[in-house]
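Residue numbers (the numbering used here): 40 to 645.
The beta carbon of each residue, even a glycine, is placed where N, CA and C say it ideally should be.
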Amino acid sequence: MARDDDGSNTAADLTTLFNTRFDKGRVPSPRRNPRICEDRLVAALYRKYRPQTFDDVVGQEAVVRTLTNAITTGKVRQAYLFAGPRGTGKTSLARILAKGINCEHGPTPSPDNTCHVCTSIANGTSLDVIEMDAASQRGIDDIRDIRDRVVLQPAEGRSKIYILDEAHQLTDAAWNALLKLIEEPPPHLIFVFCTTELQKVLATVRSRCQTFVFARPRLPDIVKLLRRVADGEQMDVSDAALALVARAARGSFRDAVSTLDQLASATGGTITVQDVLQLLGAVEDEVLFRLCDLIVDGDTAGALVFLEELSEGGQDLGRLVVDLLEHLRHLMLVQHTGSVPDTLPVTDEARERLREQANQLPAPTVVRMIDLLSVATDDMRQGGDPRLPLELALVKVTRPGSDLSRESLAFRLERLESGTGHVPAASQPPLAPPKPATPAAAVVAEPAPAPPTSEAAVATPAPTAELVAESAVVAATPPAATDGGVPPLDLERLQEAWKRSIIPAVEQRSIPTAAMLHEGHVATFDGETLTIEFPPAASFHRGMMEDPKNTGLLKDALYEVTGRRLTLVFAAGGEREQTKSEHDGPVSEDELMELMKSTFDARELD
Numbered sequence: 040m041a042r043d044d045d046g047s048n049t050a051a052d053l054t055t056l057f058n059t060r061f062d063k064g065r066v067p068s069p070r071r072n073p074r075i076c077e078d079r080l081v082a083a084l085y086r087k088y089r090p091q092t093f094d095d096v097v098g099q100e101a102v103v104r105t106l107t108n109a110i111t112t113g114k115v116r117q118a119y120l121f122a123g124p125r126g127t128g129k130t131s132l133a134r135i136l137a138k139g140i141n142c143e144h145g146p147t148p149s150p151d152n153t154c155h156v157c158t159s160i161a162n163g164t165s166l167d168v169i170e171m172d173a174a175s176q177r178g179i180d181d182i183r184d185i186r187d188r189v190v191l192q193p194a195e196g197r198s199k200i201y202i203l204d205e206a207h208q209l210t211d212a213a214w215n216a217l218l219k220l221i222e223e224p225p226p227h228l229i230f231v232f233c234t235t236e237l238q239k240v241l242a243t244v245r246s247r248c249q250t251f252v253f254a255r256p257r258l259p260d261i262v263k264l265l266r267r268v269a270d271g272e273q274m275d276v277s278d279a280a281l282a283l284v285a286r287a288a289r290g291s292f293r294d295a296v297s298t299l300d301q302l303a304s305a306t307g308g309t310i311t312v313q314d315v316l317q318l319l320g321a322v323e324d325e326v327l328f329r330l331c332d333l334i335v336d337g338d339t340a341g342a343l344v345f346l347e348e349l350s351e352g353g354q355d356l357g358r359l360v361v362d363l364l365e366h367l368r369h370l371m372l373v374q375h376t377g378s379v380p381d382t383l384p385v386t387d388e389a390r391e392r393l394r395e396q397a398n399q400l401p402a403p404t405v406v407r408m409i410d411l412l413s414v415a416t417d418d419m420r421q422g423g424d425p426r427l428p429l430e431l432a433l434v435k436v437t438r439p440g441s442d443l444s445r446e447s448l449a450f451r452l453e454r455l456e457s458g459t460g461h462v463p464a465a466s467q468p469p470l471a472p473p474k475p476a477t478p479a480a481a482v483v484a485e486p487a488p489a490p491p492t493s494e495a496a497v498a499t500p501a502p503t504a505e506l507v508a509e510s511a512v513v514a515a516t517p518p519a520a521t522d523g524g525v526p527p528l529d530l531e532r533l534q535e536a537w538k539r540s541i542i543p544a545v546e547q548r549s550i551p552t553a554a555m556l557h558e559g560h561v562a563t564f565d566g567e568t569l570t571i572e573f574p575p576a577a578s579f580h581r582g583m584m585e586d587p588k589n590t591g592l593l594k595d596a597l598y599e600v601t602g603r604r605l606t607l608v609f610a611a612g613g614e615r616e617q618t619k620s621e622h623d624g625p626v627s628e629d630e631l632m633e634l635m636k637s638t639f640d641a642r643e644l645d
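This is the structure in structure tokens:
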């Protein structure tokens, strides 16, 4: 090794020794594998295929046209605000804008991507384009640091450009510190704010920026991008598989390309529809159409068996609920718009099937199913199992008569009005004449069929021969078709609906009356006469319910829930008593005080 006159090594020799021992500045390690390090440098596909020019941007034509015209005419604004869903190209377009402004051959709407300025911006090493994450640099101290540095002139370009991603996470104090700088910046300074939640950005900031709202890309645009990436990476993938990947991305280019990258790593470059379904846990369109066909046919057993098959096959029922809700939304849009909107993320084949199924499935059924599945999504958010809510939704929508809730009755009436359902059980004539009341038990009179009313009920004598004959004629009339084979009203169904539907219906009319009914329960039902029993300790409650006003409220509630005008009997224990109580007069003060004590668990103060 050569030495200087003083015996030291020359500079050239030291440089050679340093490069030999440290491999261009990196300390060697016995574990270092050059091939592994080289593989680690491979960029993710979404970075590799990131748009580098305005022509590469997909689905944002209006934004691209405005920015290119601004660069061409020299009317670039001092602050821009890019808002839109994640993965739609906001930060990428901000970089392209910076290239067009600072390109060595510009300003130009077509940067060459070969000059030093363009390559440094693309690599993220430019001194004049500073990207900041507002989620982690959101305080006023970070903004003060920007204010201290903006006075510096650009190092190599024409302008110094600050790109703040997730700008909505800046604090109010940070925004206030930026306001004056945004309104009156130095001539060489440009701000580009990117956000996914435009409503969280202060209105005073939005008024000082030129705002662009990025559109959610359509399914064909995402498929087009995925096809370009797949061809560039020499992947063997079908259009159906790409459509599934695009639909799962839900409007995000980045998510779609990342999923394709993951599929390529898992399959070695040959991707099938089953590979996509297995990786994403997505639901095939055929499954959704078949499930809705079973609903159209009213096949409750078939729907439950099909759901069991999906579960046994490993299908994620939570994902099934989400995808089924989206499918029902598409059907609802088709039914109410008359055509398949172009914005729906579905393939051409699925569009035709959507149109056919929308004509077969009644619109009230679609809306009812969406309401029922919303319950399943709420349970899922709380960590519940979506299986039971999904099964209940299928049973209720295929057999409306199995549900006595007010919502179900409203649904059945809506189907009847729209001409898509059968005559509900509420409109059926009685199957047999009403049994005459015995002298031993006077009951509340049954008024003629009419809209619900709260008028006082009046006791009537035993039915005459004419009434019995008239009832027999009515009974001889063939009964109307029931809604999907609705079972007749029976004691068990009334007992189930007592606390769940009947008392809440009374509570909407009178809270005190509902409170008294909580002390009673459904005892017997013979098809026309309903007996409500009260325990001996609740004799006062029974007496209050025999008041014609309270009786009328209960009869109205029963009509709303069951669609039937029933005769009522109030009894103590197991023994029937007359509905006309001895307390026909006003309630005494002592009795009222006892009722208040028992109802509110109160006591008198000394």
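From the listed residues Ala-576, Leu-605, Leu-593 and Val-600, the smallest Cα separation to Ala-611 is found for Ala-576. Under DSSP, the beta-bridge partners assigned to His-560 are Glu-572. Under the Cβ criterion (8 Å, minimum of three pairs), the region 174 to 194 does not count as touching the region 128 to 138. Taking C-beta separations shorter than 7 Å and ignoring five residues to either side along the sequence, the partners of Cys-157 in its chain run Lys-138, Cys-142, Pro-150 and Asp-151, following chain order. Lys-239 counts as exposed, since fewer than 16 other C-beta atoms from the protein chains shown sit within 10 angstroms of its C-beta. The alpha-carbon of Pro-425 is positioned some 35 Å away from that of Gly-559. Taken through DSSP and simplified to helix, strand or coil, Phe-230 comes out as strand. If you draw a straight line from the Cα of Arg-257 to the Cα of Val-103, it is about 17 Å long. Taking C-alpha positions only, Lys-435 is separated from Gln-354 by approximately 22 Å. Taking each of Pro-551, Ile-261, Glu-388 and Leu-372 in turn and checking the Cα distance to Leu-400, the smallest one comes out for Leu-372. DSSP places Thr-158 within a helical segment (H, G or I) once states are collapsed to three. Measuring C-alpha to C-alpha distances from Leu-209 to each of Glu-222, Asp-294 and Phe-232 identifies Phe-232 as the nearest. When only Cα atoms are considered, Glu-535 and Pro-259 end up about 51 Å apart. Proximity of the region 552 to 571 to the region 590 to 603 meets the contact definition, three or more beta-carbon pairs being nearer than 8 Å. Sixteen is the threshold: when 16 or more other Cβ atoms of the shown chains lie within 10 Å of the Cβ of Arg-177, as they do, the residue is buried. DSSP, reduced to helix, strand and coil, places Ala-137 within a helical segment of the structure shown. Counted as a single uninterrupted DSSP element, the beta strand (DSSP E) harbouring Phe-251 occupies residues 249 to 252. Judged by their CB atoms, Asp-172 and Gly-196 are not nearer to each other than the 8 Å cut-off.
At the C-beta level, Leu-281 and Val-262 come within 8 Å of one another. DSSP places Leu-209 outside both helix and strand once states are collapsed to three, so it counts as coil.
Rounded to the nearest angstrom, the gap between the Cα atoms of Leu-533 and Thr-568 is 12 Å. Closest option to Leu-228, judged by alpha-carbon separation, among Leu-433, Ser-378, Tyr-119 and Pro-384: Tyr-119.
Annotated three-state conformation of Asp-172 is strand, per DSSP.
Annotated three-state conformation of Leu-191 is coil, per DSSP. Bridge pairing for Val-276: Ile-310 [DSSP]. For Leu-356, the uninterrupted alpha helix (DSSP H) segment begins and ends at 356 to 376. C-alpha of Ala-212 to C-alpha of Ile-179: approximately 6 Å in a straight line. Rounded to whole angstroms, the separation of the alpha carbons of Lys-87 and Gly-352 is 37 Å.
The three-state reading of DSSP puts Ala-83 in coil, since its state is none of H, G, I, E or B. Annotation: Gly-602 to Gly-566 spans about 13 Å, alpha carbon to alpha carbon.
Apart from the 5 residues on each side of it in sequence, Val-379 sits with its Cβ closer than 7 Å to the Cβ of Val-373, Arg-390, Leu-393 and Arg-394 in its chain, given in chain order.
For Thr-235, the number of other beta carbons within 10 angstroms of its own is at least 16, and it is reported as buried.
Per DSSP, the unbroken beta strand (DSSP E) holding Val-608 starts and ends at 606 to 611.
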